[in-house]
Structures are given as C-alpha cells and as structure tokens.
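One structure below.
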Amino acid sequence: MARFHRLAVARVAPAAEDAVAVTLALPDALRAAFAHVPGQHVTVRHGDIRRTYSIASPVGAEALTVGVRHVPGGAFSTHATRALAAGHALDVLPPAGRFTLRPRPGHFAAITGGSGITPVLSMAATLLATEPGARFTLLRSDRSAASAMFLDEVADLKDRHPGRFQALHALTREERHAGLPTGRLDEARLKELLPALLNVADVDGWYLCGPLGLTGAGRAALRALGVRRERVHTELFHVGDAPPVAAGAPAAAGDTGATLTATLEGRRASWPVVPGETLLSAVLRNRPDAPWACRGGVCGTCRARLTDGRVRMDRNYALEEPELAAGYVLACQARPLTDRVDLDFDA
Ligand code: FES
C-alpha cells in the first residue's frame with residue numbers, strides 16, 4: 001500500500017499570475033517509488049486535508065514538479081502560493097492515476113483548460129523526448145495569457161520539436177490581435193476548430209483535461225466527429241458542488257443500516273455502515289489507512305471493486321465505462337443499496 005513520504009521542497013517558482021510550480025527533491029532511495037507515468041498525480045497531505053496535484057515534469061527529471069493554482073479559500077493552495085518555500089517539506093503519496101500516456105509512435109492530441117495543462121505538459125515533453133515516431137497537438141484554453149500556466153515550458157517544446165509539436169492557445173476573456181478569437185471552447189466551436197487544426201481520424205489518443213464544461217464539450221465534439229470512445233481519455237479538474245441525488249433514485253440501504261465487508265492490504269473485516277454515510281467513511285472509521293484524496297468523486301484514489309451487493313454512487317467523474325463494467329466503484333461516493341456489500345480495495 002502506498003504511504004506518505006516527507007519530501008523536501010527544492011523550489012517554488014511562479015507558473016502563472018495565480019499559480020506556482022512546486023519542485024520536490026527526490027532522494028535516491030525514493031526515486032523508484034516516485035517514478036511516474038506521464039499524466040499521473042501525487043497526493044499532498046497538509047494537516048488533515050489532502051489534495052491531488054498533477055505532475056508537470058517529464059519522466060526522468062531529477063526532481064518532481066507539480067503545478068498548484070490558487071483556489072480562493074483553498075487551504076493548501078493558499079499555503080503553497082503564499083508561504084511555501086525552498087527548504088520546507090511536504091508529506092506526499094507516490095504517483096497514481098490512470099489518465100496516462102505511455103510513449104509510443106503515433107499522433108496524440110490534448111484539449112486543456114486552465115491548470116489542466118499540467119499533466120499534459122508531462123505527457124507531451126516525455127513523448128517528444130523519448131519517441132521519435134510520435135507527434136503531439138495541443139489545444140489549450142485559459143482566461144488570459146497572464147493566468148496561463150507553464151507558458152515558457154510549452155514554448156520550449158515548440159522550439160525543441162518543430163514539426164512534431166503543434167500548439168494553439170484560446171483565451172476566453174482577453175482580446176488579442178492575432179490567433180484564435182476570444183471566447184469559450186464550447187462544443188460548436190470545437191467541432192469547427194478541430195478538423196481545421198488536424199486530421200481528427202488520424203489521432204491515436206485524445207487527452208482532455210480541465211473543468212467540467214470544457215471536458216464535456218470536448219467529449220461531445222469528438223463523438224460528433226466520429227472519434228471512438230476508447231480513444232478519448234478525460235481527467236477532470238474543478239468540479240462544483242455535488243449534484244442533488246436524482247429524483248426517483250432508489251433509497252440506500254445504508255439509511256436503515258447495512259454491513260460492509262472490505263478487503264484492504266490483504267486483510268478482510270466487516271463493519272456496519274452508519275445511516276447516511278458513504279462506504280469510504282465506514283471503512284475509514286475502522287481502517288484509517290484506506291486510500292482517499294478528494295472525497296469528491298474526481299481523483300479515483302478510493303477506487304475499489306464491488307464483489308457482492310449493489311451500491312449507488314452520488315457522482316462519478318473518475319471511472320470510465322470499462323472500469324464500471326468490471327465492477328469498480330468510488331468508495332467515497334458509494335452508498336449501499338443492499339443489506340450486505342463487499343468491497344475489495346486490493347483488486
Ligand atoms: S477520494 Fe477522490 S474519488 Fe474518492
């Protein structure tokens with residue numbers, strides 16, 4: 001089971017007007033544990049909160065850099081952007097996440113919004129440096145040029161890999177004299193823009209990363225352009241409040257009581273689920289080492305396989321169709337629908 005490691009902060013540098021790039025030193029003894037696949041994130045623990053941040057640095061870099069954007073009122077992002085400095089230390093879980101691009105020949109494309117550029121930067125930089133037969137096209141969207149993270153790093157990729165890296169930048173709230181007209185990248189605009197930018201059918205993998213509006217528009221546009229679903233990978237940043245439970249949704253058995261049996265790190269035990277709580281809450285009361293980060297159905301850290309019983313998930317922005325079909329659920333969003341449910345966190 002992954003556990004937290006204390007890493008020294010080597011550098012905190014501005015990544016945009018309201019964001020920083022935090023670089024963590026990796027001692028030799030932890031290099032293997034912190035080796036990442038491009039697109040993955042790490043979880044940072046700060047007091048009793050946890051936050052996941054995508055890795056911006058390419059595979060093979062000496063240190064690990066994550067991008068942190070300031071969120072108004074955000075406990076860790078405020079600390080990171082205002083107070084964190086070289087010489088401090090952070091408790092960090094090794095890289096995780098299934099929004100990944102393993103270098104291979106082909107043409108890959110990304111649509112990013114805001115801090116969604118962070119994991120895509122690691123993907124593009126690693127791919128272009130290690131796979132001569134690969135190309136990458138980036139369509140990024142930001143409020144303004146000043147708020148755009150990692151502008152220099154993206155420009156550097158253009159200089160280093162002319163002909164294999166193409167980037168187009170849309171600004172949603174700032175007028176420009178050249179480039180794309182100002183405005184949101186909604187479905188209609190993407191349906192026009194993407195075929196003009198590249199041969200859509202020629203792309204081997206699409207990577208969408210950003211807020212719900214942009215990733216939803218991207219998925220819809222790609223579907224309309226005939227792209228097969230298994231070629232489209234999504235990672236969501238910034239989800240609003242949980243939607244209300246759909247009218248007519250079945251009542252959860254947890255409202256009257258259910259028994260959860262969970263397997264974690266090879267140990268299996270059963271506990272009651274307190275009415276109204278999620279399965280993750282029931283597990284954490286008894287096994288504080290259970291995996292979690294966002295508790296919002298976004299990061300996928302609490303993924304477990306349902307091996308018996310049925311559950312209802314309040315929301316799911318992390319699991320894709322094949323995982324759902326294989327029986328995976330998000331424990332932080334799952335509520336029991338049957339008297340007994342069985343979860344396997346090791347599966
Ligand atoms: S803890 Fe992030 S999806 Fe459950």
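So in UniProt numbering, spot 58 of the sequence shown is number 58, and the numbers just go up one at a time.
Where is the CB? At the ideal position from N, CA and C, for every residue including glycine.
Where residue i and residue j are concerned, what is the direct C-alpha to C-alpha distance, given to the nearest angstrom?
i, j, result
"Cys310", "Cys299", "The sequence given here has Arg at residue 310, not Cys. Cα-Cα distance, rounded: 22 Å."
"Gly276", "Gly179", "51 Å"
"Ala304", "Asp152", "39 Å"
"Leu222", "Val200", "8 Å"
"Asp289", "Leu279", "14 Å"
"Arg98", "Leu319", "9 Å"
"residue 353", "Ala293", "Residue numbering for the chain in the displayed model covers 1 to 347; residue 353 lies beyond these limits and cannot be assessed."
"Ala262", "Pro336", "13 Å"
"Ala188", "Thr215", "13 Å"
"Leu7", "Leu84", "13 Å"
"Ser281", "Pro72", "27 Å"
"Thr118", "Pro291", "23 Å"
"Leu101", "Val203", "13 Å"
"Pro272", "Asn286", "10 Å"
"Gln166", "Leu260", "50 Å"
"Gly183", "Val120", "22 Å"
"Ala15", "Thr52", "17 Å"
"Glu17", "Thr78", "13 Å"
"Arg104", "Gln40", "17 Å"
"Arg69", "Arg31", "26 Å"
"Ala220", "Asp159", "32 Å"
"Ala148", "Leu197", "21 Å"
"Val227", "Glu62", "37 Å"
"Asp344", "Val232", "27 Å"
"Pro162", "Asp91", "39 Å"
Who pairs with residue i in a beta bridge, going by DSSP?
i, result
"Ser270", "Thr261"
"Gly67", "Ala21"
"Val44", "Arg51 and Val92"
"Ala134", "Gly106"
"Ile111", "Leu139 and Leu208"
"Arg6", "Asp91"
"Phe165", "Phe136"
"Met313", "Ala334"
"Ala232", "In the sequence under discussion, the amino acid at residue 232 is Val, which differs from the Ala named in the question. Answer is Trp206."
"Val341", "Leu260"
"Leu84", "The partner list for Leu84 (beta bridge, DSSP) is empty, contrary to what the question assumes."
"Asp308", "Asp342"
"residue 348", "Lying outside 1 to 347, the shown extent of the chain, residue 348 is not represented and no answer is given."
Whole-angstrom Cβ separation of residue i and residue j, contact assumed at under 8 Å?
i, j, result
"Gly205", "Phe136", "Their Cβ separation, rounded to whole angstroms, is 10 Å, which puts Gly205 and Phe136 out of contact at 8 Å."
"Gly210", "Thr112", "5 Å"
"Ser115", "Ala19", "7 Å"
Report buried or exposed for residue i, applying the criterion of at least 16 other Cβ atoms within 10 angstroms of its Cβ.
i, result
"Pro181", "exposed"
"Ala326", "exposed"
"Ser270", "exposed"
"Val44", "buried"
"Asp346", "exposed"
"Arg176", "exposed"
"Val22", "buried"
"Arg164", "buried"
"residue 348", "The question about residue 348 has no answer, for the chain in this structure spans 1 to 347."
"Val283", "buried"
"Gly67", "buried"
"Thr81", "buried"
"Asp28", "exposed"
"Val274", "exposed"
"Asp142", "buried"
"Leu185", "buried"
"Ala155", "exposed"
"Leu264", "buried"
"Pro95", "buried"
"Leu26", "buried"
"Ile49", "exposed"
"Thr307", "exposed"
"Ala134", "buried"
Can you list, in chain order, the residues of its chain with a C-beta nearer than 6 Å to that of residue i? Leave out the 5 residues immediately preceding and following it.
i, result
"Ala169", "The sequence shown places His at residue 169, not Ala. The answer, listed in chain order, is Arg140."
"Leu225", "Val200"
"Glu174", "Ser144"
"Thr234", "Leu208 and Thr215"
"Ala110", "Val120, Leu138 and Tyr207"
"Arg295", "Cys332"
"Ala89", "Arg6 and Ala8"
Quick one: residues in its chain with C-beta nearer than 8 Å to the C-beta of residue i, no 5 flanking neighbours on either side, listed in chain order?
i, result
"Thr47", "With the sequence shown as reference, residue 47 is identified as Gly, and Thr is not the correct amino acid for it. Excluding positions up to five away in sequence, the list reads Ala75."
"Gly297", "Val239, Ala242, Met313, Asp314, Arg315, Asn316, Tyr317, Ala318, Leu330, Cys332 and Gln333"
"Ala86", "Val9, Ala10, Arg11 and Val12"
"Pro244", "For Pro244, the predicted model reports a pLDDT of 41, less than 50, meaning its position is unreliable and no value from the coordinates is stated."
"residue 353", "This structure cannot speak to residue 353, because the chain is shown only from 1 to 347."
"Lys191", "Ala221, Ala224 and Leu225"
Please work out which residues of its chain come closer than 7 Å, Cβ to Cβ, to residue i, disregarding the five sequence neighbours upstream and downstream, and give them in chain order.
i, result
"Ala247", "Legend: pLDDT at Ala247 = 39, less than 50; position of this residue unreliable, value from coordinates given subsequently. Once the five neighbours on either side are set aside, Ala247 has no close Cβ partner at all."
"Pro132", "none"
"Val59", "His36, Pro38 and Thr126"
"Gly157", "According to the sequence displayed, residue 157 carries Leu and not Gly. Ala124, Ala125, Leu128 and Phe165."
"Leu93", "Ala2, Phe4, Val42 and Thr43"
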